[in-house]
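Participant:
Chains as they are written, first to last, in the numbering used here: chain Z, 2 to 268; chain E, 1282 to 1592.
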């Protein structure tokens, strides 16, 4: 039997995605309403941001465009978790009802199979919005547009998104052990709102928590420093791609451990 | 390859269950307590299933049927004992084991909810890496066995329960697995759909020599499909033999029906102890018998007797 490698999984994902989009389009009202909803959410978030900045022209030495850059950066970095890993939100219902078992009967990776089932289109609106904000701020700050900076942006955006995905994996996988995992997920998801502020505004204990315990500071702050202050990039920023990969890998292992440990009682 | 599809040797499965205490105080206590008790769901079950067999796996609710199936499919690890499915240890080689099995859980569709069936089939073809020729042959076989046109282009979420079950069964056989596990496939279905599904399972078993493990509470399924049945109760295997042999499990029972006046009277007679003729003679002496019927005991009645405490 041939080995199922990356190519196999990508092709399966693509096929599922196409089918899924096709069927989503057929429910037009649903599609339109959820897209409008996503735009409204983003606009509302942006207005809050504007009002805030109207009153405080700088936060901890960060001016308007730098904050905007961070804001756009976090929105783009949060897109993958929204688009590709949204099924984490359904995990606990499926585990509790026993429906989760169906993911264990296919000769493919359970984590992949589970996540591939849901692609959330709403994330795309956020991506557009985030990209627009990012480009606008980039232009106004005057970050040079070179091959290097573009590559840095791509790599560190990818890194940042890994952190958020990993946080949500950890949060969702707690449902294999505890009943109230819904709260864990909601709290973790709320934390993402802190991602759009520079971690330097948090003091002492919170900075440590958001860096090393729940690494929200890695979802925008540390990675974006590579572009925003190229002269004095902290070590943590340079290390973030590596830390991100390790953290994501650990969250995946934790998730899979939950699957193995779970008793699948009730039928 | 050997002729055995499934080999189980002394398989046990224990679950750890938290001892729950009552009331609010008890709940708080539970938060910190490590007070577990062990529940044995499956006790020392040994079983051999040959290739191409259809085996009815029966037992009352909570007997350990599902747990056994979950161990055979590699979802659960047995606490002790040995399981080989198609020569593989299911829990260790879950992915590989899944290549060669199909699973249907009645009422729990495994298909993509929003996709038309044919698209689900194509995805499954890719996932199981079924060659196009084999895939086409299988679809042709399906067409010859059952009318699949009404369901083929319908999204699963719009299907009736019967159509969904039918689709799930077709999907389970699509990659031509060596073994298919069917967990209550006819639950909640109407009579005509039941018989359609039974014919389909029989047809596929005959054409592809697929081993089928069937759990059900419907004795109609058992009568229609299984030559051999295995009964499990409270985690232990209590019966494993031909279905014909089952009827003499408690002796040779027959039901004698006699019409006295306008009413039918029924008596279950164990022919080892009482003679049917003597019962008739005895009754004849007291009443005038207008009509007589003699019936074989039904599978349902025997199973009921076994569940109610034959052992």
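Think of the CB as a built atom: it goes at the ideal place given N, C-alpha and C, for glycine as much as any other residue.
1) Is the stretch 1294–1304 of chain E in contact with the stretch 136–151 of chain Z, if contact means three or more CB pairs nearer than 8 Å?
2) Straight-line CA distance for residue 1472 of chain E to residue 1493 of chain E?
3) Check the DSSP bridge columns for residue 1369 of chain E and list the partner residues they point to.
4) In the DSSP assignment, find the alpha helix (DSSP H) that holds residue 228 of chain Z and state where it starts and stops.
5) Should residue 138 of chain Z go down as buried or exposed, given a rule of 16 or more other Cβ atoms within 10 Å for buried?
6) For residue 175 of chain Z, which residues of its own chain have a beta-carbon under 6 Å away from its beta-carbon, when the five flanking residues on both sides are left out?
7) Residue 1364 of chain E and residue 1292 of chain E - do their beta-carbons sit closer together than 8 Å?
8) Can you confirm whether residue 1517 of chain E, when its beta carbon is compared against all beta carbons of chain Z, has any partner nearer than 8 Å?
9) Using a Cβ-Cβ distance cut-off of 8 Å, determine whether residue 1389 of chain E contacts chain Z.
10) Compare the C-alpha of residue 1455 of chain E against each of E/1385, E/1330, E/1544 and name the closest.
11) Given a limit of 7 Å on CB to CB distance, which residues of the stretch 91–117 of chain Z reach chain E?
12) Would you mind telling me which residues of chain Z sit closer than 7 Å to residue 1396 of chain E, beta carbon to beta carbon, in chain order?
13) Could you give the distance in angstroms between the alpha-carbon of residue 1501 of chain E and the alpha-carbon of residue 1579 of chain E?
14) Which two residues bound the contiguous beta strand (DSSP E) that contains residue 133 of chain Z?
15) Mind checking who residue 1634 of chain E pairs with in its DSSP beta bridge?
16) Residue 87 of chain Z CB to nearest chain E CB: under 8 Å?
17) Helix, strand or coil for residue 1401 of chain E per DSSP?
18) In chain order, what residues of the same chain have a beta carbon less than 8 Å from the beta carbon of residue 1511 of chain E, not counting five sequence neighbours either side?
19) Just verifying my parser: in three-state terms, what is the DSSP assignment at residue 1545 of chain E?
20) So what does DSSP say about residue 215 of chain Z, is it helix, strand or coil?
21) Going by C-alpha distance, which of Z/110, Z/94, Z/56 is nearest residue 13 of chain Z?
22) Which residues in the same chain have their Cβ closer than 6 Å to the Cβ of residue 1458 of chain E, if we skip the five residues on either side of it in sequence?
23) In angstroms, rounded to a whole number, what distance separates the CA positions of residue 162 of chain Z and residue 125 of chain Z?
24) What residue ranges within the stretch 1507–1572 of chain E form continuous alpha helix (DSSP H) runs of no fewer than 4 residues, ordered along the chain?
25) Would you say residue 77 of chain Z and residue 135 of chain Z are within 8 Å of each other, going by their C-beta atoms?
26) Roughly how many angstroms lie between the CA atoms of residue 1547 of chain E and residue 1541 of chain E, to the nearest whole one?
27) Looking at the ligand COA, does it come within less than 7 Å of residue 229 of chain Z, judged from the CB to the closest heavy atom?
28) Does residue 1299 of chain E pass the burial test, meaning 16 or more other C-beta atoms within 10 Å, or should it be called exposed?
29) Along chain Z, which residues have their Cβ under 7 Å away from the Cβ of residue 1379 of chain E?
30) Taking 8 Å as the threshold (beta carbon to beta carbon), is residue 1436 of chain E in contact with chain Z?
31) According to the neighbour-count rule (16 or more other Cβ atoms, all chains shown, within 10 Å of its Cβ), is residue 268 of chain Z buried or exposed?
32) Spell out the partners DSSP gives residue 1439 of chain E in its beta bridges.
33) Residues of chain E with CB closer than 8 Å to the CB of residue 264 of chain Z, please, in chain order.
34) Where in the stretch 162–211 of chain Z do unbroken runs of the alpha helix (DSSP H), each at least 4 residues long, occur, reported from the N-terminal end onward?
35) Between which two residues does the alpha helix (DSSP H) carrying residue 113 of chain Z extend?
36) Taking Cβ-Cβ distances below 8 Å as the criterion, which residues of the stretch 1417–1449 of chain E are in contact with chain A?
Facilitator: Inspection of the coordinates gives the following:
1) no
2) As a working mapping, residue 1472 of chain E is identified with position 191 in the second chain. As a working mapping, residue 1493 of chain E is identified with position 212 in the second chain. For residue 1472 of chain E and residue 1493 of chain E, the distance between alpha carbons rounds to 21 Å.
3) Within the second chain, numbered from 1, the residue matching residue 1369 of chain E stands at position 88. Beta-bridge pairing links residue 1369 of chain E to E/1366.
4) Counted from its first residue, the first chain places residue 228 of chain Z at position 227. From DSSP, the alpha helix (DSSP H) with residue 228 of chain Z extends over 222–229.
5) Residue mapping note: residue 138 of chain Z aligns to position 137 of the first chain, counting from 1. The residue is buried, with at least 16 neighbouring Cβ atoms inside 10 Å.
6) On the first chain, position 174 is the one that residue 175 of chain Z refers to. 182, 185.
7) Residue numbering aside, residue 1292 of chain E sits at position 11 when the second chain is read from its first letter. Residue numbering aside, residue 1364 of chain E sits at position 83 when the second chain is read from its first letter. Cβ atoms of residue 1292 of chain E and residue 1364 of chain E: closer than 8 Å.
8) Locating residue 1517 of chain E in the second chain gives position 236, where the first residue counts as 1. By this cut-off, residue 1517 of chain E is not an interface position.
9) Numbered from 1 along the second chain, position 108 holds the residue referred to as residue 1389 of chain E. Closer than 8 Å to some Cβ of chain Z, the Cβ of residue 1389 of chain E qualifies, so yes.
10) Taking the first residue of the second chain as 1, we reach residue 1455 of chain E at position 174. Comparing Cα-Cα distances from residue 1455 of chain E to each of E/1385, E/1330, E/1544, the minimum goes to E/1385.
11) 100, 102, 103, 105, 106, 107, 108, 109
12) Taking the first residue of the second chain as 1, we reach residue 1396 of chain E at position 115. Here the neighbours are 20, 24.
13) Within the second chain, residue 1501 of chain E is the residue found at index 220, counting from 1. Within the second chain, residue 1579 of chain E is the residue found at index 298, counting from 1. In a straight line, the C-alpha of residue 1501 of chain E is about 10 Å away from that of residue 1579 of chain E.
14) Start at 1 with the first residue of the first chain, and residue 133 of chain Z comes out as number 132. It is not in any beta strand (DSSP E) - residue 133 of chain Z instead sits in the alpha helix (DSSP H) that spans 123–142.
15) Outside the modelled stretch of chain E, which goes from 1282 to 1592, sits residue 1634 of chain E, for which no answer is possible.
16) Reading the first chain from its first residue, position 86 is the one you call residue 87 of chain Z. No - not a single Cβ of chain E is within 8 Å of the one on residue 87 of chain Z.
17) Working through the second chain from its first residue, we reach residue 1401 of chain E at position 120. Reduced to three states, the DSSP call for residue 1401 of chain E is helix.
18) Position 230 of the second chain, counting from 1, holds the residue named residue 1511 of chain E. Once the five neighbours on either side are set aside, the close Cβ partners of residue 1511 of chain E are 1328, 1336, 1337, 1338, 1339, 1518, 1520, 1521.
19) In the second chain, the residue the question calls residue 1545 of chain E occupies position 264. Residue 1545 of chain E falls in the strand class under three-state DSSP.
20) Taking the first residue of the first chain as 1, we reach residue 215 of chain Z at position 214. Three-state DSSP puts residue 215 of chain Z in coil, outside helix and strand.
21) As a first step, residue 13 of chain Z is located in the first chain; it is residue number 12 there, counting from the start. Residue 13 of chain Z has its Cα closest to that of Z/110, out of Z/110, Z/94, Z/56.
22) Counted from its first residue, the second chain places residue 1458 of chain E at position 177. So the qualifying residues of the chain are 1381, 1382, 1383.
23) Here residue 162 of chain Z refers to the residue found at position 161 when the first chain is read from its first residue. Here residue 125 of chain Z refers to the residue found at position 124 when the first chain is read from its first residue. So the alpha carbons of these two residues sit roughly 14 Å apart.
24) 1524–1527, 1557–1567
25) Within the first chain, residue 77 of chain Z is the residue found at index 76, counting from 1. Within the first chain, residue 135 of chain Z is the residue found at index 134, counting from 1. Yes, these two residues count as a Cβ contact at 8 Å.
26) Working through the second chain from its first residue, we reach residue 1547 of chain E at position 266. Working through the second chain from its first residue, we reach residue 1541 of chain E at position 260. Roughly 11 Å between the two C-alpha positions.
27) This structure does not include the ligand COA; it has no bound ligands of any sort.
28) Position 18 of the second chain, counted from the first residue, corresponds to residue 1299 of chain E. Result: exposed.
29) As a working mapping, residue 1379 of chain E is identified with position 98 in the second chain. Chain Z residues near residue 1379 of chain E: 106, 107, 108.
30) In the second chain, residue 1436 of chain E corresponds to position 155, counting from 1. At least one chain Z Cβ lies under 8 Å of residue 1436 of chain E.
31) The residue given as residue 268 of chain Z occupies position 267 in the first chain. For residue 268 of chain Z, the pLDDT reaches just 42, beneath the cut-off of 50, and the residue's location in the model is therefore unreliable, although a value from the coordinates is still provided. Residue 268 of chain Z is buried by the Cβ-count criterion.
32) Here residue 1439 of chain E refers to the residue found at position 158 when the second chain is read from its first residue. None, per the DSSP bridge assignment.
33) By 1-based counting over the first chain, the position of residue 264 of chain Z is 263. What residue 264 of chain Z touches in chain E: 1296, 1357.
34) 182–192, 205–209
35) Taking the first residue of the first chain as position 1, residue 113 of chain Z is located at position 112. Segment 111–117, the alpha helix (DSSP H) holding residue 113 of chain Z.
36) In the structure shown, chain A cannot be found, because the protein chains are Z and E.
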